[in-house]
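For the sequence shown, the working numbering assigns the number 1 to the initial residue and increments by one for each residue that follows.
Structure, as structure tokens:
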Amino acid sequence: MPTANLPRAEKHSRSKKWLLWLRLIGIGLFVVILFKVDLSQVLQQLATADGNFFIIGLFFQLLVLVFKGIRWHVMNDGQKGWMFWRQSLGRFYESYAIGVVTPARVGELLKAGHEQDTSNIFASGIRVLAERGLDIGFFVALAGISSLTGSYIHWPPLYNWLIIAAGIAVLVISMLLLASASFNNLINYLMKLLPGKLKAVNITHKKYSFIAASNIITVSLLSNISYFVSCYFLALSVGLEAGFIWISGAVAVSGLLNMLPITIMGIGTRELTFLYVFRSFAQTLVLSFSFVVMLVAQIGGGLLALLAGQLLLHAHKKNENE
1 MPTANLPRAE KHSRSKKWLL WLRLIGIGLF VVILFKVDLS QVLQQLATAD
51 GNFFIIGLFF QLLVLVFKGI RWHVMNDGQK GWMFWRQSLG RFYESYAIGV
101 VTPARVGELL KAGHEQDTSN IFASGIRVLA ERGLDIGFFV ALAGISSLTG
151 SYIHWPPLYN WLIIAAGIAV LVISMLLLAS ASFNNLINYL MKLLPGKLKA
201 VNITHKKYSF IAASNIITVS LLSNISYFVS CYFLALSVGL EAGFIWISGA
251 VAVSGLLNML PITIMGIGTR ELTFLYVFRS FAQTLVLSFS FVVMLVAQIG
301 GGLLALLAGQ LLLHAHKKNE NE
């Protein structure tokens, strides 16, 4: 039976099955990789990790959370009072924590779900896309630069330049979503061409001052740089002494794969990417690096964000009830 003739419920059921199989493939990759290495050597490598480098890596991960929280507040509420900061930061960290443990980080759509009006939900959703685009564009561009300067992928240099150009294009589009009224008016025009209730949705453009727009771009740059610096020191902590661009490129590629609905927290895809990119290094070093990235950037960052989000939202509700 053609897919177009299937009932909506059956289509949804089939799509869920496909997503389930994709996630199982990612977990299967992880299991296969574990069986092909000596876990005792990985544990021994982790036990001898340099604590100073590890703490520096952890510190920069904390900066990532701080900068991303500031960016979300400036993009949305933007008011200076602590009560406004508390609410927007609480919502951000709650959604960030759920996004870490959901495939393709779909949990971050909770940022839009806090809105009540349909137009506000879509407007918030657009800001979510712009926020993610600032990160994705940076990741794509850095992956292209790493591939261009490295020797782990053998293909014509033109492909690397195309990847870099694609990353820059995503960054530009994200900035236009944030700062250009004309670009947002174009989106509203295209929305009116869609069928059903979507044509009635009018996305209100949030006007940013030059200072606010500059702050958004600045903290986006700082958050991404902090993330890659953190991963660099985490690599050094386990003895993986590759260059900054090399490590950042591997982390960027694995981060992009983590945005696909394949697995949770990049399990499987991250290890496969690292083993390929760092194939000139011992597997023990590579998997040790993958483990500390998951421990600090995924599990640790998610738990800290969840705790911070709940505390901030609880304090905000308590203040409203007084």
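For each residue, glycine too, the CB sits at the ideal point set by N, CA and C.
Under the three-state DSSP convention, the category residue i falls into
| i | result |
| --- | --- |
| E50 | The question names Glu, but residue 50 in the sequence shown is Asp. If DSSP states are grouped into helix, strand and coil, D50 belongs with coil. |
| A242 | coil |
| W82 | helix |
| I145 | helix |
| S248 | helix |
| I70 | helix |
| N185 | helix |
| F281 | coil |
| W161 | helix |
| G268 | coil |
| G150 | coil |
| L221 | helix |
| K207 | coil |
| K318 | helix |
| L194 | coil |
| S174 | helix |
| N215 | helix |
| S180 | coil |
| N76 | coil |
Integer-rounded CB distance, given that residue j should sit under 8 Å from residue i
| i | j | result |
| --- | --- | --- |
| F138 | G167 | 7 Å |
| A143 | L177 | Incorrect: roughly 22 Å between the Cβ atoms, too far for contact. |
| V140 | V170 | 6 Å |
| Q298 | V100 | 6 Å |
| K68 | S223 | 5 Å |
| G150 | W246 | 6 Å |
| L234 | F289 | 7 Å |
| A181 | V74 | Actually they are not in contact, since the Cβ atoms of A181 and V74 sit about 18 Å apart, beyond 8 Å. |
| G309 | Y93 | 3 Å |
Nearest to residue i (by Cα), restricted to the options the options
| i | options | result |
| --- | --- | --- |
| R132 | S174, L46, Q87 and Y208 | S174 |
| L311 | W85, R279 and S223 | W85 |
| V277 | N258, F291, A179 and S248 | S248 |
| I98 | L304, K318 and H314 | L304 |
| Y96 | M191, L307, G302 and A315 | G302 |
| V42 | A282, H154, W161 and A212 | A282 |
| L307 | R91, I187 and F291 | R91 |
| L313 | N258, Y159 and S88 | S88 |
| I153 | R279, A315, I217 and L194 | R279 |
| V292 | Y93, G196 and S230 | S230 |
| V296 | L257, G309, N76 and Y227 | Y227 |
| V128 | Y189, N258, A179 and N76 | N76 |
| A146 | L193, K317, F244 and G309 | Looking at the sequence shown, residue 146 is not Ala but Ser. Considering only alpha carbons, the answer is F244. |
| A179 | I217, A315 and T48 | I217 |
Residues near residue i by beta carbon distance below 7 Å, same chain, minus five either side
| i | result |
| --- | --- |
| L285 | Q45, V238, G239 and L240 |
| N52 | none |
Beta-carbon proximity list for residue i, same chain, < 6 Å, skipping 5 on both sides
| i | result |
| --- | --- |
| F54 | S237 |
| Q116 | Here the model assigns Q116 a pLDDT of 49, short of 50, so the residue's position is not dependable and the matter cannot be decided. |
| D50 | S237 |
| I70 | V219 |
| K318 | none |
| F183 | L176 |
| Y232 | F244 and I247 |
Nonlocal neighbours in the same chain, by C-beta distance under 8 Å from residue i, ignoring five residues either side
| i | result |
| --- | --- |
| L148 | P157, N160, W161 and I164 |
| D135 | S220, S223 and N224 |
| H316 | M83, R86, Q87 and G90 |
| K207 | A181 |
| L257 | G266, T269, R270 and T273 |
### Task
May I ask you to verify whether the segment 247 to 254 touches the segment 81 to 91, counting CB pairs closer than 8 Å and requiring at least 3?
Counting Cβ pairs under 8 Å, fewer than three are found: no touch.
### Query
For the segment 266 to 283 against the segment 56 to 65, are there 3 or more C-beta pairs whose distance is under 8 Å?
no
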